[in-house]
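When the sequence shown is numbered by my numbering, its final residue is 359 and no position is left out of the sequence of numbers.
For each residue, glycine too, the CB sits at the ideal point set by N, CA and C.
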Amino acid sequence: MSSKEECLKMTVPELKAALKAKNLPLTGKKDDLISRLLSAPTLHDTTPPTKEASREVPVSMNMVESTAVEASTDIEPPSKHDKITFNEKSTQVAKKVTVVKPAIETVSGEAAHPVISEADKQKLRADRFQDPEVEKAKARAQRFNLIHPEVEKEKTLKRAERFGLLVPELEEQKKKTRAERFGILHPEVEEKKKQSRAERFGIVDEDTKVAARKDKFKPLTVKAVGSAEEEAKKLARAARFAA
Numbered sequence: 117m118s119s120k121e122e123c124l125k126m127t128v129p130e131l132k133a134a135l136k137a138k139n140l141p142l143t144g145k146k147d148d149l150i151s152r153l154l155s156a157p158t159l160h161d162t163t164p165p166t167k168e169a170s171r172e173v174p175v176s177m178n179m180v181e182s183t184a185v186e187a188s189t190d191i192e193p194p195s196k197h198d199k200i201t202f203n204e205k206s207t208q209v210a211k212k213v214t215v216v217k218p219a220i221e222t223v224s225g226e227a228a229h230p231v232i233s234e235a236d237k238q239k240l241r242a243d244r245f246q247d248p249e250v251e252k253a254k255a256r257a258q259r260f261n262l263i264h265p266e267v268e269k270e271k272t273l274k275r276a277e278r279f280g281l282l283v284p285e286l287e288e289q290k291k292k293t294r295a296e297r298f299g300i301l302h303p304e305v306e307e308k309k310k311q312s313r314a315e316r317f318g319i320v321d322e323d324t325k326v327a328a329r330k331d332k333f334k335p336l337t338v339k340a341v342g343s344a345e346e347e348a349k350k351l352a353r354a355a356r357f358a359a
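Rendered as structure tokens:
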């Protein structure tokens with residue numbers, strides 16, 4: 117019979133190995149195993165031990181590993197009333213964990229909606245609302261190799277673009293597009309912007325105001341004054357000689 121102090125010094129695998137040697141159940145906590153081991157001789161050892169039974173059963177590593185696995189599986193989950201203790205190392209490790217968000221490529225509003233210049237808008241508008249008579253004349257000129265101003269102009273512009281020739285119209289168009297792209301103040305572009313802004317907000321130019329005021333309060337000319345005096349004299353003479 118093992119003493120209680122010896123049983124308390126033994127580990128769970130050793131206790132289970134001793135219980136297994138005595139064909140006793142291995143389930144339960146350490147206190148249950150110790151009490152079962154201490155009460156084992158009184159319950160089961162009714163016959164005197166034989167030589168083979170009195171021999172110590174060697175505990176092998178495989179037996180210890182199997183008992184350790186059984187001990188890990190037989191551990192009961194903690195109850196709701198058990199205290200939960202936090203370790204400083206575990207909290208530090210939990211703090212070090214960072215959430216890595218996937219990189220999502222966002223498309224900016226400028227890339228989603230490209231800006232169209234005024235020249236391109238005018239070109240698109242002209243292509244949309246083309247004059248049928250002009251188009252017919254151009255098609256007829258291209259068909260019969262006739263000379264048409266629009267056709268010749270298009271050919272000249274295409275040839276200039278192809279060979280890099282200096283054409284005033286192309287240069288002016290390039291200047292306009294460059295000014296619109298980099299925000300440079302081009303006279304024609306700035307004038308168009310001013311006109312469109314004035315039309316949108318009902319703003320009247322000073323020159324237009326002065327011209328309208330002159331037309332409204334136009335002074336009498338010398339000729340008009342003289343004709344009025346002559347008319348008054350004629351009326352007075354007619355009234356005098358009528359009596």
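Output the boundary residues of the alpha helix (DSSP H) element that contains serine 312.
-> 303–317
Rounded to a whole number of angstroms, what is the C-alpha to C-alpha distance between alanine 344 and alanine 328?
-> If I take the Cα positions, the gap works out to 26 Å.
Run the CB neighbour count on alanine 134, radius 10 Å, all protein chains shown included, and call it buried at 16 or more, exposed below.
-> buried
Within 10 angstroms of its Cβ, does leucine 240 collect 16 or more other Cβ (buried), or is it exposed?
-> exposed
Just the C-alpha distance for leucine 351 and proline 303, rounded to the nearest angstrom, thanks.
-> 59 Å
First through last residue of the alpha helix (DSSP H) which encompasses leucine 142 | Here leucine 142 belongs to no alpha helix (DSSP H), and DSSP marks it neither H nor E.
Short Cβ contact (8 Å threshold) for alanine 156 with lysine 145 = Not in contact: alanine 156 and lysine 145 (Cβ atoms no closer than 8 Å).
8 Å Cβ cutoff met for lysine 125 and leucine 149 = no
By the 10 Å Cβ neighbour count, where 16 or more other Cβ atoms means buried, how is valine 326 classified, buried or exposed?
-> exposed
Since I believe serine 233 is in contact with glutamate 277 (beta carbons under 8 Å), could you give me their beta-carbon distance rounded to a whole number of angstroms?
-> No, glutamate 277 and serine 233 are not in contact; Cβ-Cβ is about 18 Å, not under 8 Å.
Kindly indicate which three-state DSSP category isoleucine 150 falls into: helix, strand or coil?
-> Here isoleucine 150 sits in helix by DSSP.
When you compare each of Asp323, Lys290, Pro141 to aspartate 236 by their alpha carbons, which one comes out closest?
-> Here the closest residue by C-alpha is Lys290.
By the 10 Å Cβ neighbour count, where 16 or more other Cβ atoms means buried, how is arginine 294 classified, buried or exposed?
-> Exposed, since its Cβ has fewer than 16 Cβ neighbours within 10 Å.
Roughly how many whole angstroms lie between the Cα atoms of glutamate 268 and alanine 257?
-> Rounded to whole angstroms, glutamate 268 to alanine 257 spans 10 Å at the Cα level.
Among the residues of its own chain, which have a CB less than 7 Å from the CB of threonine 166, if the five just before and after it don't count?
-> For threonine 166, the pLDDT reaches just 47, beneath the cut-off of 50, and the residue's location in the model is therefore unreliable, leaving the point undetermined.
Report yes if the C-beta distance between leucine 273 and glutamate 285 is below 8 Å; otherwise report no.
-> Taking 8 Å as the Cβ cut-off, leucine 273 and glutamate 285 qualify as a contacting pair.
Counted within 10 angstroms of its Cβ, other Cβ atoms place proline 152 as buried (16 or more) or exposed = At residue 152 the sequence reads arginine, which differs from the proline that was named. When all chains shown are included, arginine 152 counts as buried.
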